[in-house]
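Chemist: Using the working numbering, the first residue of the sequence shown is number 1, and each one after it goes up by one.
Note that beta-carbon positions come from the ideal geometry of N, C-alpha and C, so glycine has one too.
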Amino acid sequence: MSDPLRLGIAGLGTVGVGVVKIVQRQAHLLSARTGCTISISAVSARTRDKDRGVVLTDYAWEDDPVALATRDDVDIFVELMGGDDGPAKHATEAALRAGKDVVTANKAMLAHHGQALAELAEAKGVALRYEAAVAGGIPVIKALLEGLAANRISRVMGVMNGTCNYILTRMDAAGLTYQEAFDEADGLGYVEADPTLDVGGIDAGHKLAILAAIAFGTRVAFGSMRLEGIGKVSIDDIRRADDLGYKIKLLGVARMTGRGLEQRMTPCLVPATSPLGQLVGGTNMVVIEGDAVEQIVLRGPGAGEGPTASAVMGDVCDIARGLRLPVFGQPATSLVAATPANAESPACFYLRLELVDKPGALAKVATALGENGISIDRMRQYDHPGTSAPVLIITHKCARPDLDAALAALPATGVVAADPVALRIEEV
Numbered sequence: 001m002s003d004p005l006r007l008g009i010a011g012l013g014t015v016g017v018g019v020v021k022i023v024q025r026q027a028h029l030l031s032a033r034t035g036c037t038i039s040i041s042a043v044s045a046r047t048r049d050k051d052r053g054v055v056l057t058d059y060a061w062e063d064d065p066v067a068l069a070t071r072d073d074v075d076i077f078v079e080l081m082g083g084d085d086g087p088a089k090h091a092t093e094a095a096l097r098a099g100k101d102v103v104t105a106n107k108a109m110l111a112h113h114g115q116a117l118a119e120l121a122e123a124k125g126v127a128l129r130y131e132a133a134v135a136g137g138i139p140v141i142k143a144l145l146e147g148l149a150a151n152r153i154s155r156v157m158g159v160m161n162g163t164c165n166y167i168l169t170r171m172d173a174a175g176l177t178y179q180e181a182f183d184e185a186d187g188l189g190y191v192e193a194d195p196t197l198d199v200g201g202i203d204a205g206h207k208l209a210i211l212a213a214i215a216f217g218t219r220v221a222f223g224s225m226r227l228e229g230i231g232k233v234s235i236d237d238i239r240r241a242d243d244l245g246y247k248i249k250l251l252g253v254a255r256m257t258g259r260g261l262e263q264r265m266t267p268c269l270v271p272a273t274s275p276l277g278q279l280v281g282g283t284n285m286v287v288i289e290g291d292a293v294e295q296i297v298l299r300g301p302g303a304g305e306g307p308t309a310s311a312v313m314g315d316v317c318d319i320a321r322g323l324r325l326p327v328f329g330q331p332a333t334s335l336v337a338a339t340p341a342n343a344e345s346p347a348c349f350y351l352r353l354e355l356v357d358k359p360g361a362l363a364k365v366a367t368a369l370g371e372n373g374i375s376i377d378r379m380r381q382y383d384h385p386g387t388s389a390p391v392l393i394i395t396h397k398c399a400r401p402d403l404d405a406a407l408a409a410l411p412a413t414g415v416v417a418a419d420p421v422a423l424r425i426e427e428v
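Below, the structure written as structure tokens:
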């Protein structure tokens, strides 16, 4: 049996309390699987006297997370405060400089400062692990760093925000409007205090940027990602997509192309029969494609006390076993600065139009699309009681700039009654 491994936990919210519970309840199991005793020596949080449902009296208390990070009786600093800057970043840097291993669930901090933190950790010869930062209980970081290390990754994609997936699937299943589904998710406590982190795609974008860095050997490049939230997805889009055999998901896609690194987190249509199309509720799914394994699918809970704490403790166990890996899979100094793709890969698109109900309207739309190089694969018109007619178009593969030019030309036709909706169809 090796020396005890002592944790200092900063942040006693849902995940922090979950970590405390695992350490307290699974002491024998953790010892058997790692060969050492894992214990907690000290903790830190904003409020000391709050009832968190766990006994904390056996642990030292630090009001300052930086002081916690540098304590002599802390071997692993566990950062669960959140936030891309401020106390979380300062305490993490202090721990690394003091020669402490760090485990974090902080996707925002890694998305914005991952390169600098990786270089610091590797210079100090310590671990910086972050399984819990992406997709909760799904071991996707470990899969990329270890199990798929021999693969040249061609594409990483997935549904990585359970709140958005819950909203979209509730709209689909219950016929709710976006606002009704959002209010329901908010009432259940699924929505962040700043809702744009969820429904604006920012939270999921942080996760995708981290995965892309590992998959393609690049520095984290969150700033070059195209982000579009789900706020403009209507119940009409949900129903029409379903009629055509698709489901709408907030889908993250990263791929390395001849034009550079393509990263986007946007609403997309996926085949209803695909694994992503069948994903419901708050569950997450990540799809990884490599030259040797072809395609693998990882599915599981993307948030919550148990799943995220499980991921944190998985990292702690790896450190206890002596596993040391470069933070992003290869030495941080060898990671290249990602060149953002100057254009997205061509794709088919779903278009929803409201056309003035008069002769020749469809012909004018088809002409405007054709003049900009957009050809129509399928088209469907629905019954309508009013003066405008809903029309759905599925295009053949085209470049997004060409489609945007075509959409910009539509108002001049005089037959478009509302702003068109355009959503990418992703092949999965």
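Sorted by chain position, which residues of the same chain lie with C-beta nearer than 7 Å to Val-377's C-beta, five sequence neighbours on each side aside?
Modeler: Reading off the sequence, residue 377 comes out as Asp, not Val. Taken in chain order, the residues that qualify are Cys-348, Ile-394, Thr-395, His-396.
Chemist: Which residues bound the beta strand (DSSP E) around Cys-348?
Modeler: Segment 348-356, the beta strand (DSSP E) holding Cys-348.
Chemist: By Cβ distance, which residues of its chain are closer than 8 Å to Trp-61, with the 5 residues on each side in sequence left out?
Modeler: Excluding residues within five positions, the ones whose Cβ falls inside 8 Å are Ala-42, Val-43, Ser-44, Arg-48.
Chemist: If you drop the 5 nearest sequence neighbours on each side, which residues of the same chain put their C-beta closer than 8 Å to that of His-384?
Modeler: Only Asp-357, Pro-390 meet the Cβ criterion.
Chemist: Any heavy atom of the ligand FMN closer than 6 Å to the beta-carbon of Arg-33?
Modeler: What this structure holds is no ligand at all, so the ligand FMN is not there to describe.
Chemist: Given a cut-off of 7 Å on the beta-carbon distance, is the pair Ala-145 and Leu-325 in contact?
Modeler: According to the sequence displayed, residue 145 carries Leu and not Ala. Yes. Within cutoff.
Chemist: Okay, do the stretch 95-108 and the stretch 262-271 touch, 3+ Cβ pairs below 8 Å being the bar?
Modeler: No: fewer than three Cβ pairs fall under 8 Å.
Chemist: Between Gly-290 and Ala-417, what straight-line distance do the alpha-carbon atoms span, to the nearest angstrom?
Modeler: The straight-line gap from Cα to Cα measures roughly 45 Å.
Chemist: For a cutoff of 7 Å on Cβ pairs, would you count Ile-153 as touching chain B?
Modeler: Going by chain labels, chain B is absent from the structure shown, which holds only one protein chain.
Chemist: I need the DSSP call for Ile-394, collapsed to helix, strand or coil.
Modeler: Of the three classes helix, strand and coil, the one that applies to Ile-394 here is strand, per DSSP.
Chemist: Decide if Gln-24 is buried, meaning its Cβ has at least 16 other Cβ atoms within 10 Å, or exposed.
Modeler: Gln-24 comes out exposed.
Chemist: In chain order, what residues of the same chain have a beta carbon less than 6 Å from the beta carbon of Val-203, not counting five sequence neighbours either side?
Modeler: The sequence as given places Asp at residue 203; Val does not occur at that position. Excluding sequence neighbours, Asp-203 sits near Asn-161, Leu-197.
Chemist: For the beta strand (DSSP E) that contains Met-160, what are its first and last residues?
Modeler: It is not in any beta strand (DSSP E) - Met-160 carries neither H nor E in the DSSP assignment.
Chemist: So, helix, strand or coil for Pro-411, using DSSP?
Modeler: Three-state result, Pro-411: helix.
Chemist: Going by the CB atoms, is the gap between Phe-216 and Met-256 shorter than 7 Å?
Modeler: Yes, these two residues count as a Cβ contact at 7 Å.
Chemist: With Val-78 as the anchor, note down where its beta strand (DSSP E) starts and where it stops.
Modeler: That run of the beta strand (DSSP E) goes 76-79.
Chemist: Could you tell me which residues DSSP pairs with Ala-389 in its beta bridges?
Modeler: Note: Ala-389 sits in a beta bridge opposite Leu-355.
Chemist: Opposite Val-102 in the DSSP bridges: which residues?
Modeler: Answer is Phe-77, Leu-128.
Chemist: With DSSP as the reference, identify every bridge partner of Ala-42, one or two as the case may be.
Modeler: According to DSSP, which records beta bridges pairwise, Ala-42 is partnered with Gly-8, Ala-60.
Chemist: Under the rule that 16 or more other beta-carbon atoms within 10 Å means buried, what is Asp-318, buried or exposed?
Modeler: Burial call: buried.
Chemist: Within the same chain, show all residues whose beta-carbon is closer than 7 Å to that of Leu-148, passing over the 5 residues directly before and after it, in chain order.
Modeler: Excluding residues within five positions, the ones whose Cβ falls inside 7 Å are Ile-288, Gly-290, Val-293.
Chemist: Rounded to whole angstroms, what's the CA-CA distance from Leu-298 to Gly-136? Just pull it up for me.
Modeler: Taking the straight line from one Cα to the other gives about 12 Å.
Chemist: Which residues does DSSP pair with Lys-295 in a beta bridge?
Modeler: According to the sequence as given, residue 295 is Gln; it is not Lys. Answer is Glu-289.
Chemist: Whole-angstrom Cβ separation of Glu-93 and Asp-315, contact assumed at under 8 Å?
Modeler: Incorrect: roughly 18 Å between the Cβ atoms, too far for contact.
Chemist: Would a C-beta distance cut-off of 7 Å place Glu-344 and Arg-380 closer than the cut-off?
Modeler: In this structure, Arg-380 does not lie closer than 7 Å to Glu-344 by Cβ.
Chemist: Does the pairing of the stretch 116-135 with the stretch 221-234 give three or more beta-carbon distances under 8 Å?
Modeler: The stretch 116-135 is not in contact with the stretch 221-234.
Chemist: Pick out whichever of Arg-424, Gly-11, Tyr-178 has its Cα sitting closest to the Cα of Val-233.
Modeler: Checked all of Arg-424, Gly-11, Tyr-178; the closest Cα to Val-233 is Tyr-178.
Chemist: On a CA-only basis, which of Ser-31, His-112, Ala-254 is nearest Arg-6? Give me that one, please.
Modeler: Nearest option by C-alpha distance: Ser-31.
Chemist: With distances taken from CA atoms, which of Ile-141, Ser-154, Val-365 is nearest Thr-403?
Modeler: The sequence shown places Leu at residue 403, not Thr. Among Ile-141, Ser-154, Val-365, the Cα nearest to that of Leu-403 is on Val-365.
Chemist: Please tell me whether Leu-353 and Pro-420 are closer than 7 Å, where the distance is taken between their beta carbons.
Modeler: Yes.
Chemist: List the whole-angstrom C-beta distance separating Ile-38 from Ala-320, where the pair is believed to meet the contact cut-off of C-beta under 8 Å.
Modeler: Right, their Cβ atoms sit about 6 Å apart.
Chemist: Per DSSP, which residues does Tyr-429 bridge with? Please list them.
Modeler: For the chain, the structure presents residues 1 to 428; residue 429 sits outside this window and is missing.
Chemist: Give the DSSP-derived three-state secondary structure of Arg-155 in the structure shown.
Modeler: In this structure, Arg-155 counts as strand in the three-state DSSP scheme.
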